[in-house]
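All residue numbers for the sequence shown refer to our numbering, where the first residue is -15 and numbers rise by one. All residues carry an ideal CB built from backbone N, CA and C; glycine is no exception. As the structure is a computational prediction, the values presented were derived from the model and not from experiment.
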Amino acid sequence: MVTVTNYAVRKTKDDKRFITLELSGKVELVQSQETGKFYATRRRCSIPSTFDEHVAKSIIGTEIEGEIVRVQSDPYEFTNPQTGEVMSLAYSWAYQPVGETETIGETRVTIMDEA
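In structure tokens, the structure reads:
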């Protein structure tokens, strides 16, 4: 299960507005490969929607069947704001509905949650 935790108003290249939903998975403990320390985080991604802002706001907290899965991507650097550790990542997160093999909404790591 994933939870709708937020929404954002975005613009297309043609300057048209649309709404994305932020989906979040469960809290996980992950061990840093650099320091060996554990930190709490959760998988998150954004998916496009056809909702207006009123509907998007009203469904925050809704649970959806499926999971957020790791997908390969071009390498990019990410700095953990809590530790200053610079990581080279080659993956992003995407939503995968139950029973499907395709994913929706690849999202790079941009922030890590504190527990």
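Asked, Found
"Give me the Cα-Cα distance between Glu90 and Arg26, rounded to the nearest whole angstrom.", "15 Å"
"Mind checking whether the beta-carbon of Ser16 lies closer than 7 Å to any heavy atom of the ligand PLP?", "This structure lacks the ligand PLP, and indeed carries no ligand of any kind."
"Hey, out of Ser42, Lys0, Trp77, whose CA is closest to Arg54's CA?", "Trp77"
"Closer than 8 Å by C-beta to Glu18: which residues in its own chain qualify, once you throw out the five before and the five after it? Chain order, please.", "Glu69, Met71"
"Assuming the contact rule is C-beta atoms closer than 8 Å, Thr4 and Ser30 should be a hit. Round their C-beta distance to whole Å, please.", "4 Å"
"Between Tyr79 and Ser57, is the Cβ-Cβ spacing less than 8 Å?", "no"
"Which residue wins for smallest C-alpha separation from Phe2, given the options Pro32, Thr46, Glu49?", "Pro32"
"Quick one: Cα of Ala99 to Cα of Ala24, how far?", "With a pLDDT of 38 at Ala99, under the threshold of 50, the modelled position of this residue cannot be trusted, and the question is left open."
"Look up Thr91 in the DSSP assignment and give the residues it is bridged to.", "Trp77"
"Glu37 to Tyr(-9), Cα distance in whole Å?", "8 Å"
"Just to check my reading of the structure: Gly83 and Val(-14) have Cβ atoms closer than 8 Å, yes? What is that Cβ distance to the nearest angstrom?", "About 15 Å; that fails the 8 Å criterion."
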